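At position 76 of the sequence shown the residue is numbered 1120 (the numbering used here), and the sequence of numbers has no breaks.
What follows is one structure encoded as structure tokens, with my remarks underneath.
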Amino acid sequence: MKKIITLLAFSISILFASNLKVEDGYVRATPPSLPNSAAFMKVINSSNETISIVKASSDASKVVELHTHLMKDGVMKMVQVPKIDVPANGEVSLQPGGLHIMLIGLNKALKEGENVTLTLEFSNGESKTITVPVKTVMGGMKHHGNHMHN
């Protein structure tokens, strides 16, 4: 009986061991007049299959969407994507000018030194809730008048 219980406990721990890790996350600080921000991070997948981020949520904003930047007709545009793939035994970087998580309709301005909690939902049924710092980031994506949110 002891062997069965030990084996069962070991099996359960394997079942709940995550193959996903999130590192280096942060959210961009915003001035009071800016209603949106973005979250960036590295997601590492140590499993043998591609796992996708399929949804994100946060109590910091009314809406949270998965986004990327694409060049269209000579203009860089931000577009929503249905998922962000994290390759098998690989990683994906969410960074300015590329894949990122948009926080739309902020509940308040995000100040450096604060934290934001995000929940990421994955295609394998797993979810991860992370708390990331708000940082002032210079450079990266430049905001010009002709860039519009679609």
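Built from N, CA and C at the ideal position, the CB exists for glycine as well.
From a predicted model like this one, the values you see are computed outputs, not experimental measurements.
Going by DSSP in three states, residue i sits in which element: helix, strand or coil?
i	result
Leu1154	coil
Ala1132	coil
Asp1117	coil
Ser1096	strand
Val1181	coil
Ser1137	strand
Gly1142	coil
Identify every residue that forms a DSSP beta bridge with residue i.
i	result
Leu1147	Ser1081, Val1108
Gln1124	His1111
Thr1163	Ser1101, Thr1173
Asn1089	Leu1064, Gly1134
Which value, in whole angstroms, describes the spacing of the CA atoms of residue i and residue j?
i	j	result
Ala1083	Ala1132	23 Å
Ser1167	Gly1142	21 Å
Glu1156	Leu1150	15 Å
Pro1076	Ser1090	39 Å
Measure how close the beta-carbons of residue i and residue j come, nearest whole angstrom, since I'm counting them as under 8 Å.
i	j	result
Leu1147	Val1108	6 Å
Leu1154	Val1178	5 Å
contact_flag[the stretch 1117–1129, the stretch 1060–1072] where n(CB pairs < 8 Å) is 3 or more:
no
Three or more beta-carbon pairs under 8 Å between the stretch 1153–1168 and the stretch 1093–1111, yes or no?
yes
Assess contact between the stretch 1069–1078 and the stretch 1105–1117, defined as three or more Cβ pairs (one per stretch) separated by less than 8 Å. Is contact present?
At 8 Å Cβ cutoff, the stretches do not touch.
Sufficient close CB pairs (3 or more, under 8 Å) joining the stretch 1134–1144 to the stretch 1078–1093
yes
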